[in-house]
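Chemist: Residue numbers (the numbering used here): 107 to 459. Cβ atoms here follow ideal geometry from the backbone N, Cα and C, with glycine treated the same way. Fair warning: this is a prediction, and the values are worked out from it, not measured in the lab.
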Ligand code: NAD
Ligand code: DAU
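Encoded structure:
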């Protein structure tokens, strides 16, 4: 099973992608792991500095929206499997500029599907196009219920609509053209290497620098948090043991109201930075809500747990503490990703809120 496969991982320089690439490079020395990434603001090769000299790893700078580059990539390698993570991933950015989400998330995915279809033709036995998606395609929950694999799609933001579009295209290529595909839909990830525009790393960085911690609306929205390495482990398991044509939900069974999560984070930060209890919490600032802000996400991952035996590992409090430790001891990483461009984005997003 492990012998001599060539695996394409797209978006491998990003947050989740880098954990997936590291896991595959380390765990499967007989695989050739090809990481194709455009290196947008969210892609950072520093995330992979510990494995980038491994003999079974290659990096290819590719924009998946550029059909010619994708076709040429498939000409250079004969891929046995594709794990597709490359995407524009931040909801707030999709509200200020939806176009890029349509290009990368929908057109980019179709370019990859076309290339896989052309490469595999009628010999697709043993091949797999594994598409990484999000729970946001299901829309927003009220106070009851959970998303299952059969919940109807009801995306509400340009980001989630573009991810839903890409999921539909993957299913259509599987159904119509026989491209062997699996999709997984995961809840909110957290952990090392997440770009500090997302709630948890943004809050850690702001608390560290004694800057206001922006909480949208009243902080009542609920997310279901999963440690990134648990997601990478689920992806590994699904890639190797999942059933072609199936969908799997991945989630931590770990719902937190934003305000409760931020308060917990503040307590951890007080302790880690030697501040007086309550000092970090004083930085919490309620700001104007995100337009169309989904109220609650919660994933039912019983299919993945029951059929493939996956289980999330760290308790949230432990995973969060591990995450805080990582950000506090990786100042150089933070400094490098917080470039001038990000500072401009931050100012335009939060000034006047
Ligand atoms: P990220 O924004 O950290 O990384 C995205 C990566 O894709 C970056 O390395 C970027 O350079 C690359 N990329 C963007 N546009 C590209 C293009 N046109 N061509 C090639 N590469 C391009 O994202 P993430 O949080 O790691 O998410 C990875 C995937 O997982 C996405 O598909 C996302 O929808 C999905 N997902 C994320 C979460 C989460 O909580 N972060 C949860 C569920 C699903
Ligand atoms: O559910 C999976 C999704 O989780 C992924 O598909 C997305 O790629 C990922 O970005 C994430 O989307 P969210 O919008 O849930 O994540 P974000 O970290 O942006 O926000 C989490 C919650 O915190 C959300 O309710 C909005 C709120 N928030 C966010 C920011 C950035 C704040 O209150 N203040 C903030 O400054």
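On the three-pair Cβ rule with 8 Å, is the region 264-271 touching the region 309-321?
Modeler: no
Chemist: Starting from residue 305, trace the alpha helix (DSSP H) both ways and give me its first and last residue.
Modeler: 305-314
Chemist: First and last residue of the beta strand (DSSP E) that includes residue 427?
Modeler: Careful: residue 427 lies outside any beta strand (DSSP E), inside the alpha helix (DSSP H) at 422-434.
Chemist: Given a threshold of 16 other Cβ atoms within 10 Å of its Cβ, counted over all protein chains shown, does residue 144 qualify as buried or as exposed?
Modeler: buried
Chemist: Say the cut is 8 Å; is the CB of residue 124 nearer than that to a heavy atom of the ligand DAU?
Modeler: no
Chemist: Is there at least one non-hydrogen atom of the ligand DAU closer than 8 Å to the beta-carbon of residue 372?
Modeler: no
Chemist: Take residue 399 as the anchor and find which of 196, 278 and 416 has the nearest alpha-carbon.
Modeler: 196
Chemist: Check for me: the beta strand (DSSP E) holding residue 475 runs from which residue to which?
Modeler: Residue coverage of the chain in this structure runs from 107 to 459, which leaves residue 475 outside it and unanswerable.
Chemist: Grab me the residues of residue 158's own chain with a C-beta within less than 8 Å of its C-beta, minus the 5 sequence neighbours each way, in chain order.
Modeler: 151 and 165
Chemist: Whose C-beta lies closer than 8 Å to the C-beta of residue 364 among residues of the same chain, with five residues either side of it excluded?
Modeler: Here the set comprises 305, 321, 322, 325, 326, 327, 328 and 329.
Chemist: Over what stretch of residues does the alpha helix (DSSP H) that includes residue 285 continue unbroken?
Modeler: Here residue 285 belongs to no alpha helix (DSSP H), and DSSP marks it neither H nor E.
Chemist: Alpha carbon to alpha carbon, what distance is there between residue 256 and residue 117?
Modeler: 27 Å
Chemist: Identify, in the order they occur along the chain, each residue of the same chain with its Cβ nearer than 7 Å to the Cβ of residue 222, setting aside the five sequence neighbours on each side.
Modeler: 188, 235 and 285
Chemist: What residues in its chain sit with their C-beta under 7 Å from that of residue 374, if we drop five residues either side in the sequence?
Modeler: Once the five neighbours on either side are set aside, the close Cβ partners of residue 374 are 426, 427 and 430.
Chemist: Is residue 214 close to the ligand NAD? I mean its beta-carbon at under 8 Å from any heavy atom of the ligand.
Modeler: yes
Chemist: Between the Cα of residue 242 and the Cα atoms of 385, 355 and 458, which residue gives the shortest distance?
Modeler: Comparing Cα positions, the closest option is 355.
Chemist: Could you give the DSSP three-state label for residue 396: helix, strand or coil?
Modeler: Of the three classes helix, strand and coil, the one that applies to residue 396 here is coil, per DSSP.
Chemist: Below 8 Å, can you find three or more Cβ-Cβ pairs linking the region 337-346 to the region 118-133?
Modeler: yes
Chemist: Taking 9 Å as the cut-off, decide whether the C-beta atoms of residue 407 and residue 357 are in contact.
Modeler: yes
Chemist: Check whether the Cβ of residue 242 sits closer than 8 Å to any heavy atom of the ligand DAU, and report yes or no.
Modeler: yes
Chemist: Taking only three categories from DSSP, how would you classify residue 412?
Modeler: helix
Chemist: What does the alpha-carbon distance come out to for the pair residue 208 and residue 215?
Modeler: 10 Å
Chemist: Quick check on residue 156: does DSSP put it in helix, strand or coil?
Modeler: coil
Chemist: Report buried or exposed for residue 288, applying the criterion of at least 16 other Cβ atoms within 10 angstroms of its Cβ.
Modeler: buried
Chemist: Quick check on the burial criterion: 16 or more other C-beta atoms within 10 angstroms. Buried or exposed for residue 199?
Modeler: buried
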